[in-house]
Each structure stands twice: as C-alpha cells, then as structure tokens.
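FYI, my numbering numbers position 165 of the sequence shown as 317, with every residue one higher than the one before it. Report on the structure given below.
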Amino acid sequence: MAWIGLVDEDSLVIVPTASAGLVDGYLDNIKITIKDEPEGRGPTGSALRLGQYFVVNDVETDIRVKPWREEQLKRGYLSSVAIPILKFGRVIGAFTLYGSTKYFFTENELNLLIDATADISFALENMELESMRNVAEEKMSEALEKYDIVSSATSDTIWDWDVTTMKLNYNQGMTRVFGYTPSMIRPDRNWYLSKIHPNSIDNLRGILREIFREKKQVFQADFRFRCADGSYKFVHTRAYVRYNYAGRPVRVIGSMHDDTPAKELEQKVEKAIIHTQEKEREQIGMELHDNVNQILSASLNYIGIVRSDIQKLGQNDVAVVKSETLIRDAINEIRRLSHQLAPVSIKDISIREVFEFLADNINVGKKFKVTISVNPRANNMGDTYLKMTLYRILQEQLTNIVKYANASEVSIGLSLKTGSLILKISDNGRGFDPTVRSGGIGLENIKRRANLFAGHFKLNTAPGRGCMVTVDIPAPEENAVA
C-alpha cells in the first residue's frame, strides 16, 4: 500500500490526499503529525519534519511505529518507508509505502522510490510555476503599491525578503530616501548587504542568526545605510519574520526609518556638552597653573629664606628641606594635571606631536616603551575638534594602561582605510576578561566620544594577553580614501 500525505499547517496533522493498494480503512484509523511527539516520530512524521527519508525494516520491533503497530500488523504491513516531497526546496508532504515482508526496501528499491518522489515534486513545481507566472507580476505590483501607500504616511522604506530565494523587493522609499533609481537597485540580498556600513554588518548578521535560531518573529536593529551619492544615513529597521511549519524562516517584511536628523541632533547636543566640559577643564587647568602654582612657588621662596636663616643659626633644617621637597612635588604634579586638563593648543600642531606630548606627559618615569605610527595623510588634519577627540580617547586608554596593565610596551597607530580613520592602542600588559570588567568609566568615555563621530569601538583583550582598543571613525573629507 502507498499513500501521499500533505500537512495541514493549522493543526500540523498529516492529511492523506491520495492512496493506492490495500488500504482497508487504515488511513481512517490513524493520526500522524509533524510534531516531535509519539504520533510524529514515525517515518512519515519524521520525513516531513526533518526533510529526509526514513525506513522501518521491522514493524513488530521498531519502537517508532508503536502508535500504529496494531493497525499495520492487522493488514500485513511488516515494513515501511517515508520519503519527503519537496516543492521549490520546501517539504510539503510525504510519500509513504508499506511492504508485506520485513526488510522489504533494499537500496535499489529505495533509489527508485526517491527518483519517483522527485518526479512528483517536479510535476507539482511545474503546475505551480504556470499558475504563479500568471499572477506574480500583478500581486507584486499590488503589494508594492500598498507598501507605498503605507510608507507615504511614515516616510519609511518598506522591504520584503523571500528567504528561500534570497530575493528582496522595495517600495519607492529606496528611491525617495536613499536616492537609488530603479535601474540601480538589484533585487537580491547581496546588493542590500553591500550598502550596509562595514562597521554595522557583522552586528546585523549576528542579530539575524539569533532571531532565526530562537524563532523570534519581531526584531529591531540600528545601522548605517549607504545612499546613492556615497553618503550614509542612520536607519532604524523593524521587521516581522514568518516561519514555515518546520520552523524555517521563509519571509521577512520590514521597514527602514531614516533616523539621521535625530542622530545628528543627538550628536550636536553631545558635542556641545563635551565642548563645555573642555572649556571647564581648560579653565581649571589655567587656574591651577597660574594661581595655585604661583602661591606654592611663593611659599617655596619663603621656605628658602627660613632654611637660610636656620642654617645661619646652626640649627637642624631637615623639616624645612622636606617641606621644600613636598612643595616642589606638588608644583610638578599640578603642572602635569594642568597639562592634562588644558593641553597645549593642538590647532597648529600635527597629530603625531599631539600623541607624543600626551605619551610623554602620562608615561612619567618611562614605565613602558611607546611606539607611535601615524599615516602621513592623517597627520596634518585640520579638524581641531576631531584632534581633541582622538587626544581624549588616547588619554583615557593610556591612563588605563598606567593604572592597570603593568605593560612594558605600548603601540599607538593612526591609519586611513576606505574612508575611515582607525586609531589602535595596544599594550602587552596583563589584560583582563571583558565579560567581567567591560563597563569601566574610561572605556565608556571612549565609546561615547567615538559615537559622536558615528564611530565604532572594539575591545580585544584576555587575561595575560594584553589589550587592544580600536576606534574606527569616518575620516574627514580632506583625508578620506576612496
């Protein structure tokens, strides 16, 4: 006996649609599902659920057919095989046959049955293709027209991804928001992914893998998307995932909202806050240097006079000498702090000079060897605010190295690559476990400053393996590399 069953996608029960041979009411007396439960673990349910053929060589002893054993033995079914029926790569049903003897299905017979099932799949596909050709263009046009109506009210770009074919379709938002003409748009996933900023692509792929693995239906993501003119927009995407009965994603429909105005406003506010903080630092540094240090210097002069008088009287001046030493140390420390709070004017000096000044100022006592490498095109950038940002990022990380790393070598590199300015700061110190200690104030400040320029922060460290901080910032137009 042989029969073909298709899945009812609502109940997940396999419904017989055709049969031949000695049926004898068998199909009316059984229930088979594709769920992972006793009624779904037989050859038919397993073939549908897992997409491969299953053979039962002995109905009397095989535990997988226990729910149907009695009915099968009544009719002389002593072995069976179930082969999945595919349509366009998707399992839609199963072809199940029963043998009158144990071990009925040899390798040759299996191959013939698999070929026969493939013919069934081919016939089904051709029938559907003919029907699909007649309505595909009309349906796609209607769908995209609906998308355009919706997006006209929201200014969003709507996209529709067929996961099985890897094809994407878009509404007019791809032209209206990002400037791509219809002839520039390719309806495939690779074209879409190629427009996502390199700093965002790995994160987006990771989000998709997690969503598909956990069978989530809704997700959101933020990334930068390249426009037709080469510029990037900040976008926020929200999407809905549809899965088939086997739990595989088959379609994803989503929208991309242009977040650029909000992001730019956020960056302007943050830059204004940091600019104010820099002014306050500069003021405090000047007060320390010009006022407090002057008072300490005057005190040092008076102590010198007292020490001279004590020496003339032949008395012990140890306490006075100690006081002089402490005041000198205080003056030097205040001078160092004032330079950190209000660095020398960086407007007219090169990036290398800025880095060298900072390294010398922080690396007191030459605790570690510093190597500095700066791309010549980046060395003389005119963006003072970006220079200050790089200065503060380097200052934060060098301070971390002095406090925690116990390093003997530190490398500072600034390079240009495909429109990006890349700052790398590495050391050979003790390192740390980023899963345990990743939210320190210093590192958070680095992330915050990188974000001001739509930059990307990356931390690579492990106990005993040193630490590398990488900050990737879009290069100013004067320095951009095509």
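We put the beta carbon where it would ideally sit given N, CA and C, even for glycine.
Using the rule of at least 16 other Cβ atoms within 10 Å of the residue's Cβ for burial, across every protein chain shown, is residue i buried or exposed?
| i | result |
| --- | --- |
| I625 | buried |
| A288 | For A288, the pLDDT reaches just 47, beneath the cut-off of 50, and the residue's location in the model is therefore unreliable, although a value from the coordinates is still provided. Answer is exposed; the Cβ neighbour count stays below 16. |
| F507 | buried |
| L546 | buried |
| A557 | buried |
| A627 | buried |
| D381 | exposed |
| P350 | exposed |
| A602 | buried |
| M533 | buried |
| F240 | exposed |
| K555 | exposed |
| R394 | exposed |
| P195 | buried |
| A559 | buried |
| A172 | exposed |
| R480 | exposed |
| V217 | buried |
| V522 | buried |
Strictly by DSSP, which residues pair up with residue i?
| i | result |
| --- | --- |
| E261 | The partner list for E261 (beta bridge, DSSP) is empty, contrary to what the question assumes. |
| W155 | S171, T248 |
| N612 | M620 |
| I235 | F247 |
| P626 | S572 |
| W311 | Y322, G406 |
| Y395 | P401 |
| G565 | S525, K576 |
| I166 | V159 |
| R242 | K239 |
| T185 | V165 |
Nearest to residue i by alpha carbon, out of the options?
| i | options | result |
| --- | --- | --- |
| I272 | G399, N263, S252, I237 | I237 |
| V233 | T269, K239, P219 | T269 |
| T309 | T317, V315, T327 | T327 |
| E388 | K415, L573, D381 | Correcting the residue type first, residue 388 is His in the shown sequence and not Glu. Here the closest residue by C-alpha is K415. |
| K254 | G177, I215, L230, L538 | L230 |
| A471 | R242, I455, A482, A606 | I455 |
| Q372 | R601, R378, E366, Y392 | Y392 |
| M620 | L595, G607, R600 | L595 |
| A170 | R390, F206, F247 | F247 |
| I337 | P401, K319, K599, K539 | K319 |
| L174 | L262, D314, N260, E223 | E223 |
| I598 | T587, R544, K576 | R544 |
| R376 | M408, V207, G325 | M408 |
| G406 | A511, N321, M153, D354 | N321 |
| Q549 | A511, N527, N323 | A511 |
| L164 | D180, G245, F206, I215 | G245 |
| K539 | D500, G517, V159, I514 | D500 |
| L264 | G399, Y205, V562 | Y205 |
| D176 | L568, R341, M153, V562 | M153 |
| D188 | T622, S198, S346 | S198 |
| G331 | Y178, R378, K218, R357 | R378 |
| N209 | Y250, I186, R242 | Y250 |
| R529 | L356, K569, T536 | K569 |
| I577 | E259, T551, Q369 | T551 |
| Y344 | L478, D312, R227 | D312 |
| V207 | T258, R341, I186 | T258 |
Considering residue i, what are the terminal residues of the alpha helix (DSSP H) in which it resides?
| i | result |
| --- | --- |
| N539 | Here the sequence assigns Lys to residue 539, which means Asn is not the residue at that position. Taken as a continuous stretch (DSSP letters only), the alpha helix (DSSP H) holding K539 covers 536–552. |
| V588 | Unbroken run through V588: none, as it is neither H nor E. |
| I503 | 503–514 |
| A199 | 195–202 |
| R227 | It is not in any alpha helix (DSSP H) - R227 carries neither H nor E in the DSSP assignment. |
Following a CB-centred definition, is residue i positioned closer than 6 Å to any heavy atom of the ligand MG?
| i | result |
| --- | --- |
| R328 | Within the structure as shown, the ligand MG is missing, as the structure has no ligands at all. |
Going by DSSP, what residue range makes up the beta strand (DSSP E) through residue i?
| i | result |
| --- | --- |
| I524 | 521–526 |
| V207 | 206–208 |
Using a Cβ cut-off of 7 Å (strictly closer), state whether residue i contacts chain C.
| i | result |
| --- | --- |
| F520 | No chain C is present in this structure, which holds just one protein chain. |
Checklist entry - In chain order, which alpha helix (DSSP H) runs of at least 4 residues are fully inside the segment 311–391? => result List check, alpha helix (DSSP H) in window: 325–328, 341–346, 350–365.
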